[in-house]
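A.B. asks: Numbered per the numbering used here, the sequence shown spans residues 17 to 390.
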Amino acid sequence: MTIDAIELREIEMKYRAPFETSFGRDDTKVCVLVRVQADGLEGWGEAPVMRAPLYNEETTDTAWPILEHFLIPPLLGRPLPTPQAFAQQVTHVRRHHMAKAGLEAALWDLAAQQQRVPLAKLLGGTRTAVQVGVSQGIESTIDELEARVEGYLAQGYRRIKIKIKPGWDVAPARRLRERFGDILLQVDANSAYTLSDMPTFKALDDFNLLLIEQPLQEDDILDHARLQSRLRTPLCLDESIVHERAARAALELQACRVINIKQARVGGLAAAVAIHDLCRTQSIPVWCGGMLETGIGRAANLALCSLPNFTLPADLSASDRYFQEDLIDPPVVLNGDGTVTVPTTPGLGVTIVPERVERYAVRTARFTAASARG
Ligand code: SMG
Ligand code: MG
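(1) Can you give me the start and stop residues for the alpha helix (DSSP H) that Ala128 sits inside?
(2) For the region 278–355, list the alpha helix (DSSP H) runs that are entirely contained and at least 4 residues long, ordered along the chain.
(3) Does the beta-carbon of Lys177 have 16 or more other beta-carbons within 10 angstroms, so that it is buried, or is it exposed?
(4) Between the Cα of Arg143 and those of Phe383, Asp204 and Pro329, spot the shortest distance and give me the residue it belongs to.
(5) In three-state DSSP terms, what is Gly167?
(6) Under 9 Å between the Cβ atoms of Leu226 and Leu192?
(7) What I want to know is whether the C-beta of Asp42 ends up closer than 8 Å to one or more non-hydrogen atoms of ligand 2.
(8) Counting along the chain, where does the alpha helix (DSSP H) carrying Asp239 start and finish?
(9) Identify which residue in Ala315, Phe326, Glu371 and Thr327 has its Cα closest to the Cα of Thr361.
(10) What number of angstroms, rounded off, separates the C-alpha of Gln53 from the C-alpha of Ala21?
(11) Can you tell me whether DSSP reads Gln233 as helix, strand or coil?
(12) According to DSSP, is Gln270 part of a helix, a strand, or is it coil?
(13) Among the residues of its own chain, which have a CB less than 7 Å from the CB of Asp43, if the five just before and after it don't count?
(14) State yes or no: is the C-beta of Val50 within less than 9 Å of the C-beta of Leu92?
(15) Taking DSSP's pairing of strands, which residues face Lys181 in a bridge?
(16) Residues around ligand 2, please: the condition is that the C-beta lies closer than 7 Å to some non-hydrogen atom of it.
(17) Please classify Asn224: is it buried, with 16 or more other beta-carbons within 10 angstroms of its beta-carbon, or exposed?
(18) Please determine, among Glu26, Leu323, Val373 and Ala334, the residue with the shortest C-alpha to C-alpha distance to Gln171.
(19) At a threshold of 8 Å, does Val133 count as lining ligand 1 (C-beta to nearest heavy atom)?
(20) Thinking C-beta only, is Gly59 closer than 9 Å to Gln129?
(21) Between Val150 and ligand 1, is the CB less than 8 Å from at least one heavy atom?
(22) Starting from Met29, follow the beta strand (DSSP E) in both directions and report where the run begins and ends.
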């Protein structure tokens, strides 16, 4: 099977409601979609980069040229590599994990279609449905936060995560505990704190939270270890875990007791599975993070979190939590028991609506072996 063409599309889609974190507020989802054509099949992937380098260092305007100039050309007109071989082949390109992951996901989709198996099965998934939660952004008042969380719990979501930042942490967490009792509740700081915020952490430590996600800087494993040693609540690392080596270091230094795995952040599904396997051997629970993906990126995440050590609810909500209209039809829906069903048809197992992809695309390019030569 030979790769005939690879297309890129930059997508812009309005969220149903703005999403605010400690680093900013977004009302529009952007990303780069990758479509790989090989012998009559097509595979899709999503690089869930943002407009600005606030979550990590990548943006739409870095992912695009890295794909165009460095990741795509070696593939054109050549036999389809296994996704793992692609991951190996691009280790010489430093970082740019989301750009790599978008292309690798499309290759996984193709590989699974070729073998006529669902992607989940190809990755080693064992679950038919996964438990999911909602990541709730910062709101202007605690009353508004409470109302939104009430709505999500009524819909059946199993776990609530709230974004925190200095000044929006202990009070909202306390309110949710008081109002909703013993729900599964966790907080995510996106690196907004330092060790000097110990009083805040001590106060949060009293709320029986499932975990505290990425409280400190992403390159600061040492201070996370110091903080973890002083808290009962498990710390969970997100931004810090950029590859398996980082996971090894964090676990060895006891910088966290839980890991958030995002295939896009770690450079692809192969790296994500490796981190899953490492954590499993060390009895460290993992869960699947999200980057507010379209249904295309979410399908890859869904396949991933069907693996056995994804034991905590995923940041993977139904399509209608994010968008008026998703790029896939049918959309992702929440089952009554707070789970999402893992697709059983070959590849990603979702139906992409080409007309919607075109409608939300603000930039498109197509690369073929001939265009690479010319
Ligand atoms: O549901 O995909 C989702 C959102 C999950 O909160 C979420 N992601 O740090 O975990 C995180 C954030 C990163 C995205 S902020 C725009
Ligand atoms: Mg996070």
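Heads up, the beta-carbon is just placed ideally off N, CA and C, and yes, glycines get one too.
C.D. replies: In this structure, then:
(1) His113 to Gln130
(2) 285–297, 311–320 and 335–338
(3) buried
(4) Pro329
(5) helix
(6) no
(7) no
(8) Ile237 to Ser245
(9) Ala315
(10) 5 Å
(11) coil
(12) coil
(13) Lys30, Tyr31 and Pro34
(14) no
(15) Trp184
(16) Asp204, Asn206, Glu229, Gln230, Asp254, Glu255, Asn276 and Gly305
(17) exposed
(18) Ala334
(19) no
(20) yes
(21) yes
(22) Ile19 to Thr37
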